[in-house]
């Protein structure tokens, strides 16, 4: 089945640090990837849709200058949390779909803790 | 708009059945079901694309009632491995095909 790899799985860093998270589709090409944030015992909240070769589409309320998304190739999207603060601590999950109307396949998530 | 899932939580003994409901205020194009274990990524269960469609594998199945704008997930003779949080994701007709996820239903199966 389709596999999506996300790295790193866990980050602990000081306030003000920028953190980069990678999402790779290992056995299929993904024109579109998605970035979600999940707070404890909460739902998956879509942050942005990452489009290969073009700008990401951000959901309302998500700061595009704080959460930088780059989709450099058909198999790689990166999310950079710039100048992270404790309120940015969360579980960040990426997903990719082989085609529209196909199920999304999720990465294993990145647990970000900002001290 | 976020779909509404019910119940919020279910506690079962192994072998018992459960039903999880997902309803939307909008006409639906598709319904997606995922299960997530604590600290892990959601795992895809099934996608329903047509009203009246029913799908299933093993003892987990789902139905999609297009008129009522809702879907139900059926877990039969539950196993310990079924424990986790179940999310439905819905995509509205005429809107983005990207699903919006509900708040989840926590399922705990005891021996």
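Protein chains in written order, with the working numbering: chain A, 139 to 253; chain B, 870 to 980. Cβ coordinates follow ideal geometry from the N, Cα and C atoms, glycine included.
Between the region 943-963 of chain B and the region 885-899 of chain B there are three or more inter-stretch CB-CB distances shorter than 8 Å, so the stretches are counted as touching. For residue 164/A, the secondary structure class from DSSP, reduced to helix, strand or coil, is coil.
Using a CB distance cut-off of 8 Å, residue 231/A counts as an interface residue toward chain B.
Residue 930/B sits close to residue 943/B, with the two beta carbons spaced by under 8 Å. When the alpha-carbon of residue 968/B is set against those of 978/B, 975/B, 956/B, the nearest one is in 956/B.
Between residue 888/B and residue 941/B, the beta carbon gap of about 6 Å places them in contact (Cβ cut-off 8 Å). The count of Cβ pairs closer than 8 Å, one atom from the region 202-218 of chain A and one from the region 152-170 of chain A, reaches three, so the stretches are in contact. Residues of chain B whose Cβ lies closer than 7 Å to the Cβ of residue 199/A do not exist; the shortest such Cβ separation is about 14 Å. In this chain, the beta strand (DSSP E) harbouring residue 944/B covers 939-944. With a threshold of 16 other beta carbon atoms within 10 Å, residue 979/B falls short and is exposed. Taking the beta carbon of residue 910/B as reference, the chain A residues within 7 Å of it are 231, 244, 245, 246, 247, listed in sequence order.
At a cut-off of 8 Å, the C-beta of residue 241/A has a neighbouring C-beta in chain B. Counted as a single uninterrupted DSSP element, the beta strand (DSSP E) harbouring residue 925/B occupies residues 923-926. Chain-ordered, the chain B residues with CB closer than 9 Å to the CB of residue 187/A read 965, 967.
Residue burial annotation: residue 953/B is buried, with at least 16 other C-beta atoms found within 10 angstroms of its C-beta. Spatial neighbours of residue 973/B in its own chain (CB-CB distance under 7 Å, excluding positions within 5 residues in sequence) are listed in chain order as 874, 954, 955, 956. With its beta carbon less than 8 Å from one in chain B, residue 184/A belongs to the interface. Close to residue 884/B, with beta-carbon spacing below 7 Å, lies no residue of chain A; the smallest spacing is near 27 Å. Against residue 172/A, the close residues of chain B are 967, in the order they occur along the chain (beta-carbon pairs closer than 8 Å).
Classified as exposed, residue 153/A has fewer than 16 neighbouring CB atoms from the shown chains inside 10 Å of its CB. Taking the C-beta atoms as reference points, residue 252/A is found no nearer than 8 Å to residue 161/A.
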